[in-house]
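**Student:** Handing you this structure, nothing more for now.
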Amino acid sequence: MSGEEVKPPSEAELAKMDRDQLVELGTKLDGVTLVEYPDPWPVKDTRAEKRAERLVALWFAISGLAGLLFVVSLIWWPWKYEAPDNEHGHFLYSLYTPFLGITLGLAVLGLGVGILLYTKKFIPHELAVQERGDGGSKEVDKATIVAQLADTGTRSTIARRSLIKRSAGLGAAGLGLAAAALPVASFIKDPWKNTDNKESLWHTGWQPEHPGEVVYMRRNTGRPHEVALVRAEDLDAGGMETVFPFRESERHDEEALSAALHRSDNPVMLIRLRPADSARVVKRKGQEDFNFGDYYAYTKLCSHVGCPTSLYEQRTNRILCPCHQSQFDALHYGKPIFGPATRALAQLPITVDDKGYLIARGDFIEAVGPAFWERKS
Ligand code: FES
Numbered sequence: 001m002s003g004e005e006v007k008p009p010s011e012a013e014l015a016k017m018d019r020d021q022l023v024e025l026g027t028k029l030d031g032v033t034l035v036e037y038p039d040p041w042p043v044k045d046t047r048a049e050k051r052a053e054r055l056v057a058l059w060f061a062i063s064g065l066a067g068l069l070f071v072v073s074l075i076w077w078p079w080k081y082e083a084p085d086n087e088h089g090h091f092l093y094s095l096y097t098p099f100l101g102i103t104l105g106l107a108v109l110g111l112g113v114g115i116l117l118y119t120k121k122f123i124p125h126e127l128a129v130q131e132r133g134d135g136g137s138k139e140v141d142k143a144t145i146v147a148q149l150a151d152t153g154t155r156s157t158i159a160r161r162s163l164i165k166r167s168a169g170l171g172a173a174g175l176g177l178a179a180a181a182l183p184v185a186s187f188i189k190d191p192w193k194n195t196d197n198k199e200s201l202w203h204t205g206w207q208p209e210h211p212g213e214v215v216y217m218r219r220n221t222g223r224p225h226e227v228a229l230v231r232a233e234d235l236d237a238g239g240m241e242t243v244f245p246f247r248e249s250e251r252h253d254e255e256a257l258s259a260a261l262h263r264s265d266n267p268v269m270l271i272r273l274r275p276a277d278s279a280r281v282v283k284r285k286g287q288e289d290f291n292f293g294d295y296y297a298y299t300k301l302c303s304h305v306g307c308p309t310s311l312y313e314q315r316t317n318r319i320l321c322p323c324h325q326s327q328f329d330a331l332h333y334g335k336p337i338f339g340p341a342t343r344a345l346a347q348l349p350i351t352v353d354d355k356g357y358l359i360a361r362g363d364f365i366e367a368v369g370p371a372f373w374e375r376k377s
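What the sequence shown shows, in full-length UniProt numbering, is residues 1 to 377, in sequence order.
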């Protein structure tokens, strides 16, 4: 440790000093003693040096390529669900998410390892001892620290290492492209392009697939392939049951039966009001005939951010969402009366068929669940 008092140079002296002198001055002014300051590659262009350079470049290149692969797979990989019986399609589909994770992870890892290796192999590893000092930076300190940093850059030989510079650029570009692709990818591959079918955000599994198709209400028995339809007399007054869509064409299609139970916007709360409560119902304009007698059906997807509104309180006729405590009034077309939700729960128009089974009279007339960009209300 240096205990000597160093006299700062005058402005004229400072202006005349070259970088080496400034580095030396800077260390002295900071009370720093450089114990070791070795050149990492004192003999230029050795095979070991070239090997180190190629190793750093390799990691940057891995990062860049992985970033590019991430972008390509995010946008163009066959990501749509393919059933297991389509062996090739299902295999590719099952790789989609792992591939995204691996490529983005490699892009970040490659850049990180490249930077670490470059620091380890090319930045001088000086051993310095510095005295503690008080107060802000003076002009002379600023000039000397800039000189020190520039000197470190020069000694790291980055200026003549175009392979590393180019591969680092590729790595940074790939990673930057991957980061930029995340918000814009959905504009290129738009999963909701066809807004008329039940796969879009505007419709649910309750939408008939052709005119005249009957969509029944089905309960979940815990056995995905069992079909248990709901009849009007199945619920007691004041009761609630979660129901799912069922169409005859899917009776023997195990995959479709299972998918109907798992699709997030399919669950509907079927509520049978008590007769006294039923008399107090206020219906929404345009939805006056959506109920069947005392039966009302509301989506189970909260209009706040889409949690399942699973709790129905018979005494107050309130529907509660456990996520952020929104409450909806079942007697008032499911309108929000407490909490952060601002839109009413979408109501499913229902009736019974000639055998007494409860059926939907069509899909919801508005998108269910939380807001999305294209939604106006
Ligand atoms: S998701 Fe229901 S209150 Fe927030």
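The beta carbon of each residue, even a glycine, is placed where N, CA and C say it ideally should be.
(1) What three-state label does DSSP hand TYR93 in the structure shown?
(2) Can you name the residues that DSSP bridges to ALA228?
(3) So, helix, strand or coil for LEU152, using DSSP?
(4) To which residues of the same chain is ALA178 closer than 7 Å at the C-beta, ignoring the five residues directly before and after it?
(5) Using three-state DSSP, classify ARG160 as helix, strand or coil.
(6) Among all residues, which have a Cβ less than 7 Å from at least one non-hydrogen atom of the ligand FES, and in what chain order do they fall?
(7) What is the DSSP secondary structure of LYS16, reduced to helix, strand or coil?
(8) For GLN287, I'd like the list of residues in its chain whose CB is within less than 8 Å of its CB, leaving aside the five on either flank, ordered along the chain.
(9) Got a sec, what are the start and stop residues for the beta strand (DSSP E) ILE335 sits in?
(10) Keeping to the same chain, check which residues put their C-beta closer than 6 Å to that of LEU111; ignore five residues upstream and five downstream.
(11) So, under 8 Å CB-CB, GLY89 and PRO78 are touching, yes? Tell me the CB distance rounded to an integer number of Å.
(12) Tell me whether ASP265 is buried or exposed, calling it buried when 16 or more other Cβ atoms sit within 10 Å of its Cβ.
(13) Count the other CB atoms, across all protein chains shown, that sit within 10 Å of the CB of THR154; report buried if there are 16 or more and exposed otherwise.
(14) Going by beta carbon distance, what residues of the same chain come within less than 6 Å of ALA128, once the five residues before and after it are set aside?
(15) Assign LEU358 to buried or exposed, taking buried as 16 or more other Cβ atoms, counted over all protein chains shown, within 10 Å of its Cβ.
(16) With the cut-off set at 7 Å, would you say SER326 and HIS304 are in Cβ contact?
(17) Under the three-state reduction of DSSP, which class applies to ILE365: helix, strand or coil?
(18) Would you check if the distance between the CB atom of SER340 and the CB atom of HIS324 is smaller than 7 Å?
(19) Have a look at VAL368 and LEU301 and give me their C-alpha separation to the nearest angstrom.
(20) On the DSSP bridge list, what partners appear for GLU36?
(21) Drop a sphere of 10 angstroms on the beta-carbon of residue 405, count the other beta-carbons inside from all chains shown, and report buried for 16 or more, exposed for fewer.
(22) So, under 8 Å CB-CB, GLU49 and TRP59 are touching, yes? Tell me the CB distance rounded to an integer number of Å.
(23) Just to confirm the assignment, what range does the alpha helix (DSSP H) spanning ALA371 have?
(24) Please list the terminal residues of the continuous beta strand (DSSP E) segment that includes PRO245.
(25) Do you know offhand how far ASP329's Cα is from PHE338's?
(26) Are the region 193 to 203 and the region 223 to 238 in contact at 8 Å, needing three or more beta carbon pairs?
(27) ASP151 and ARG19: beta carbons closer than 7 Å?
(28) With distances taken Cα to Cα, identify the nearest neighbour of PRO336 among THR351, PRO211, ASP354 and ASN317.
(29) Straight-line CA distance for SER377 to ALA371?
(30) Considering PHE328, what are the terminal residues of the beta strand (DSSP E) in which it resides?
(31) Rounding to the nearest angstrom, what Cα-Cα distance links HIS210 and PHE246 in this structure?
(32) Should ILE188 be labelled buried (16 or more other beta-carbon atoms within 10 Å of its own) or exposed?
(33) Report all residues from its chain with a CB closer than 8 Å to the CB of PRO8; omit the five preceding and five following residues, and keep chain order.
(34) Locate the alpha helix (DSSP H) running through GLU53, then write down its first and last residues.
(35) Hey, how far is the Cα of GLU374 from the Cα of THR195?
**Tutor:** Reading it off the structure:
(1) Helix at TYR93.
(2) ARG219
(3) Correcting the residue identity first, residue 152 is Thr in this sequence and not Leu. Helix, per DSSP.
(4) GLY67, PHE70, VAL71, LEU104 and ALA107
(5) helix
(6) CYS302, HIS304, VAL305, GLY306, CYS307, THR309, CYS321, CYS323, HIS324, GLN325, SER326, GLY339, PRO340 and ALA341
(7) The DSSP-derived three-state label of LYS16 is helix.
(8) TYR333, GLN347, PRO349 and ILE365
(9) Reading off the sequence shown, one finds Lys at residue 335, where the question assumed Ile. 335 to 338 is the extent of the beta strand (DSSP E) around LYS335.
(10) If you ignore the 5 residues before and after LEU111, its C-beta comes within less than 6 Å of the C-beta of SER63, GLY171 and LEU175, all in its own chain and listed in chain order.
(11) 7 Å
(12) buried
(13) exposed
(14) VAL32 and LEU34
(15) Flag for LEU358 reads buried.
(16) Yes; because the gap between Cβ atoms is below 7 Å, this pair is in contact.
(17) coil
(18) Correcting the residue type first, residue 340 is Pro in the shown sequence and not Ser. Result yes, Cβ atoms of PRO340 and HIS324 sit closer than 7 Å.
(19) 7 Å
(20) LEU127
(21) The chain is shown only over 1 to 377; residue 405 falls outside these bounds and no answer can be derived.
(22) About 17 Å; that fails the 8 Å criterion.
(23) Neither: ALA371 is in no alpha helix (DSSP H) and is coded neither H nor E.
(24) 240 to 246
(25) 9 Å
(26) no
(27) yes
(28) ASN317
(29) 8 Å
(30) 327 to 329
(31) 14 Å
(32) exposed
(33) LEU29, LYS138 and VAL140
(34) 47 to 76
(35) 11 Å
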